[in-house]
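Chains as they are written, first to last, in our numbering: chain W, 550 to 1248; chain S, 550 to 1248. Every residue, glycine too, gets a C-beta built ideally from N, C-alpha and C.
Protein chains: 2
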Amino acid sequence: MLESLLKPKAVAVIGASRSPGKVGHEILANLINAGFKGDIVPVNPSGGEILGLECCADLKEYDGAIDLSVIAVPNKFVKAAIESSIGKGAGSVIVITAGYKETGEEGAALEVEIAGLCRSSGVRMVGPNCLGVINTEHDLNASFATQMPGKGGISVVSQSGALCTAILDWAAGRGVGLAKLVSIGNKADLNETDFIQVLAGDSQTKVIACYLESITAGDEFLIAAEEAANTKPVVVLKVGTSSAGVKAASSHTGSLAGADIAYGAAFKRSGVIRAENFESLFDSATAFAMQPLPKGNRVAIITNAGGPGIMAADATEHSGLIVQPLQPHIAEALKAKLPAAASVGNPIDVLGDAGPEAYAEAVKAAQADDTIDAVIVILTPQAMTDAVGTARAVAECIKGDKPVFASFMGGHDVMEARNELMALNIPDYPSPDRAVAALKSMCDYEAWRNRAPRIVKRFPVNRRRVERVLSRLARDGRPEVGEVEAKEILRAYDFNVPEGRLATSLDEAVATAEQIGYSVAMKISSPDILHKSDFGGVKLDLSNADQVRDAYDLMMLRIQRIAPEAQLNGVYIEQMGKRGREIIIGMTRDPQFGPMLMFGLGGIFVEVMKDVTFYLAPITADEAMQMLKATKSYALLLGARGEAAVDLGEIADGLQRISQLVTDFPQIAELDINPFLVGPVGSKAVVADARMMLSGLDP
Amino acid sequence: MLESLLKPKAVAVIGASRSPGKVGHEILANLINAGFKGDIVPVNPSGGEILGLECCADLKEYDGAIDLSVIAVPNKFVKAAIESSIGKGAGSVIVITAGYKETGEEGAALEVEIAGLCRSSGVRMVGPNCLGVINTEHDLNASFATQMPGKGGISVVSQSGALCTAILDWAAGRGVGLAKLVSIGNKADLNETDFIQVLAGDSQTKVIACYLESITAGDEFLIAAEEAANTKPVVVLKVGTSSAGVKAASSHTGSLAGADIAYGAAFKRSGVIRAENFESLFDSATAFAMQPLPKGNRVAIITNAGGPGIMAADATEHSGLIVQPLQPHIAEALKAKLPAAASVGNPIDVLGDAGPEAYAEAVKAAQADDTIDAVIVILTPQAMTDAVGTARAVAECIKGDKPVFASFMGGHDVMEARNELMALNIPDYPSPDRAVAALKSMCDYEAWRNRAPRIVKRFPVNRRRVERVLSRLARDGRPEVGEVEAKEILRAYDFNVPEGRLATSLDEAVATAEQIGYSVAMKISSPDILHKSDFGGVKLDLSNADQVRDAYDLMMLRIQRIAPEAQLNGVYIEQMGKRGREIIIGMTRDPQFGPMLMFGLGGIFVEVMKDVTFYLAPITADEAMQMLKATKSYALLLGARGEAAVDLGEIADGLQRISQLVTDFPQIAELDINPFLVGPVGSKAVVADARMMLSGLDP
């Protein structure tokens, strides 16, 4: 895929310049210096020779075909440059030139125009407003970056061209190689999803590292990311997680920054490893590129100093991994090979004067122990330390079946050894914590790979009935679905809803209550009153006709007084539900990723403790249970403090039914069941109150 | 203070060796190479010359006096070496030799012996089992470190010698200077507290950075750290925060690792900045050493690339700081000086081709704006970027009244500029997040410096009555203080305790209830039953004599059945307290830092949500309020969800009364008031149940 872009045979540089420092010059120089094997065609209106290559004044002059055109002419000439590229058979163009969407409406219109031009000709475009593309395997540096990286397993997709330069400079500093680097710029045509797809199938790419400020199409991203993650790790740094960051991101590229919670849910679903910051993006990527995945989470720590060993042990335990001692027979055998004062516990302390051999013995022992899944090797530069020798000795005894990480601490004496480690494919980190964090990201990815198959259950439901209710509401032009209709819809999806009917007069209220049987609840029904209890619009536990009369009269009196303009449907008389734990389950629809389910314990747990979890619909039974388990208050559902356990299956079932409902009916924009009353194991949960909001209707 | 150690005139090296690589050789070489101005006296039994200096076969041969002796002889000769040093008038000794407490009991006994020898002669000892001491101001390198740092404002105190080497190597790599470096080793005499005291008074030291695995004496540390923090920042990395880490720490040095929560409380009290990991220790220390404290938390971000600006904005907001836009008139003036496409919002984007001048203008504008408290300057290495020039231009326009941080991102092209920044006293970080984290630690420290004066209120209480109760319990040899006596004690400290009395028979129970007035609670009273409700030993809301009789008989029947051997005092009949929000306030006594107060909302909030806060006693009114505010459930106390607000003053008051009680009576080892029922504003809180545990009595 995208052969013309990533493996072109002939590349035109439109806007090639003879002034060093100019973008059009640097691109040409980069193409030449990277040793590109195909034809390079500089295009410059003044013709002549640049960097030893004969220029065309116009691409038309070139008598061959080209595959790729890198365009670095001023804004107003870009369209012509694309047209001439199409004329020469280009399959792809890279538009380096800026001045498009990021500058405002006029630029956005220009961008739409050139994207349309490409699309109508079947040509793919990278950019505009980007740094370019690098493919080390093909010796292709079609960018104005100042550096060409060596070959390696990390491929980078970045929405910021400037960060590409920082990444390349970091890679140069640590001697880390890359497979591909793509600066996607304003992504008018090709975007993150396209490149994730391409890189998933690229044999040189071992890990895909993305820097993103926005995602162009959430649904496509979800599918592509999950498919890619099934074959190789995808690590994403998504910025704009704060309101200040979102503001900065939108002033920067005009990208629509979605809610951060939705991104989190999307990444969780699709197996994307989320990096917390710039350093952790490459800490993880380096680990994935250089080491095999761990089979489990049991870690051996090898160190020549106590302090850093303690740091590593702290970080390991805090991140949920296990500091696992060697098996006794292996520990004993190792002890015999180390000085008497060495410790073969975990951390394994080879002592301050340890040479390369002692480290090698310890690494061999940890590798031979099948109760150990990963090894972290720590070195501090002490008087007798042979850091480079140790790096080599460790590398030599690595068998490749479990990951090994290094943290050679310091900045001057250890630098050569640290670079040697990286060159020998052992990821090295400036502190033990960062090694542990990288390992943790590998464990998380491995756990995702081993997840249960995603089989979404379909419940038998009365879909036609929901269609009827929704068309009625649509006819009335009412986006707000009150309790009565919301319950009707939920009942059709086999939710347990208390028996209830609307009554429009005092006598009808009493008659309805008598029919349903006491005790009953009375709730005001009005499209204008969503928060019923705030208006005195809910009366519970009415147990005889007198109480129903009193409640009715009082309710009408108060509503009249407080909200005289409210349109009244009447009162909803409902059988009193049994008691149970109050749960909230709900859904909001993210503009990017679609329906996102929410779960939390009712009342303070959601409102004060913010103890809620989210998951993208459609959801499996397994995922629904994970949502419950991810809350702190989960212990309460299990029956902490002597209370009876509630029926977890009922909650998981409810989440799946909502998932099915909102997938079936995309016009449901929001949904809340609050409270959902869940009783002891074996009992049916009850929808005590519910509301929805429809899209596509003006409120 | 410690002049003989830090500013000696004559230094003996006992165990000076002629073999390079040996510790006794390296120490001598370090002393010489660092340019020490005083006399150096190598001592080696074979005499002769080492590194151009004439050796004494025995220190006795030296005909002058010495101030400091660095001892690197084998274990068994250390005592004699100390004795000969004392004989020559040494004020301090550094014992490099290992093989003491860290190796087991025998070593620990040896350590006690040499420490006693020093103490009895008024000589101070560093070590044993340490790397040594460095004082750059005095050109003193009395260590076997491989590097001598340049002069700088950071002083390091480290419990790990190996980490000292990593720190020195890091400092060498980044060109960071140090004032003093002390490897405290096993700290048989001089410990972290001594050096914090000394460094607090050292004019070369701008910030004290400590790596600690344990604290020798919590009470002394608290005082010294707070005194030091009043004059300069103290940043501490305390490891052993996990059970694996504690285990590693104790196998490593045999130090008693205290509970991590207590360390957190101690650091908070004494103004110590806690570093989360090794990198943040030096990230913070560098900031403190190089930049003035911020006056507030409003941050301006200057960048030549959108992405890193967003990262910085995210990190700023997430850490609770404010991304503050420039004032309009300053922004406009800046806009006139930058290219049209530049953004003068916040982040201020000077654009990818920005030269040093554009950066300088932006930094000047941010400095001139008095609504900005701190400036973060970000650079990515783009085609036109002059990183070194920018570093210099930024440094030149710094006025020094507000802190400026840099994050020049990359690893190769920017390295020279990054080192230049550090040389120019602008702390530079590999990513914007780390700059923000360092700034945050400065803001926290500044907030602590501006704290209200710590005035602990003393309440008028009946101390004698508590003394009487406690002596009675001591006479009985009972460490567990049940509800009845605990309430008696709390009543003496003016807690509001419901009226209640012990009854030892059915008739007495009924009579007591009639006297107190219904409704009453009945609770079993037995030193053998602490968790009364587990045994059916609590009955609430008894409202007439019949109910009292039923409850009494049932209780006796059940106790007989379940715990026939329990010693029974009778039943405690108590007036039913009014309802209120259930609070838990309590105290545990940390072996290091003494009484630690605890606060949390009752029930699930403590048990399930772990929403609790701790603070060291004695506590001020202000600190008690901070404890409440630090919980997530605080909003509930304020009256979230339409409930009435509770009387916060009553809780704060209760915490202060407990603080006074446990300070007055150190034999109270544990105390729990659970629940403490707190009602609406203006009402008195009630002790519904309480228990204590006394120390010094066998259970």
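8 Å Cβ cutoff, residue i in contact with chain W
i	result
residue 662 of chain S	no
residue 891 of chain S	no
residue 1176 of chain S	no
residue 687 of chain S	no
residue 784 of chain S	no
residue 788 of chain S	yes
residue 1080 of chain S	no
residue 791 of chain S	yes
residue 908 of chain S	no
residue 646 of chain S	no
Inter-residue spacing [alpha-carbon to alpha-carbon] between residue i and residue j
i	j	result
residue 907 of chain W	residue 901 of chain W	11 Å
residue 1154 of chain S	residue 1157 of chain W	11 Å
residue 952 of chain S	residue 713 of chain W	29 Å
residue 920 of chain W	residue 949 of chain W	16 Å
residue 1242 of chain S	residue 1062 of chain W	58 Å
residue 700 of chain S	residue 686 of chain S	7 Å
residue 1202 of chain S	residue 1040 of chain S	14 Å
residue 1045 of chain S	residue 1066 of chain S	18 Å
residue 716 of chain S	residue 688 of chain S	18 Å
residue 838 of chain S	residue 1192 of chain W	55 Å
residue 612 of chain S	residue 777 of chain S	40 Å
residue 857 of chain W	residue 899 of chain W	13 Å
Nearest-angstrom Cβ-Cβ length linking residue i and residue j, presumed shorter than 8 Å
i	j	result
residue 890 of chain W	residue 929 of chain S	Contact flag wrong, Cβ pair sits at about 48 Å.
residue 1018 of chain W	residue 1032 of chain W	Going by Cβ atoms, the distance from residue 1018 of chain W to residue 1032 of chain W rounds to 13 Å, so no, they are not a contact pair.
Sheet register partners of residue i (DSSP bridge)
i	result
residue 700 of chain S	S:727
residue 1282 of chain W	Here chain W comprises residues numbered 550 to 1248, so residue 1282 of chain W is not present and cannot be evaluated.
residue 946 of chain S	In DSSP, residue 946 of chain S forms no bridge with anything.
residue 684 of chain W	W:689 and W:729
residue 1162 of chain W	W:1148
residue 787 of chain W	W:761
residue 957 of chain S	S:928
residue 591 of chain S	S:562
Any C-beta of chain S under 8 Å from that of residue i
i	result
residue 959 of chain W	yes
residue 920 of chain W	no
residue 719 of chain W	yes
residue 933 of chain W	yes
residue 697 of chain W	no
residue 1253 of chain W	In the structure displayed, chain W extends from 550 to 1248; residue 1253 of chain W sits before or after that span and is not available.
residue 762 of chain W	yes
residue 896 of chain W	yes
Three-state secondary structure assigned by DSSP to residue i
i	result
residue 563 of chain S	strand
residue 598 of chain W	strand
residue 1229 of chain W	strand
residue 1007 of chain S	coil
residue 1076 of chain S	coil
residue 806 of chain S	Note that residue 806 of chain S has pLDDT 43, beneath the 50 cutoff, so the model's placement of it is unreliable and no number is given.
residue 1153 of chain W	helix
residue 870 of chain S	coil
residue 968 of chain S	helix
residue 554 of chain S	helix
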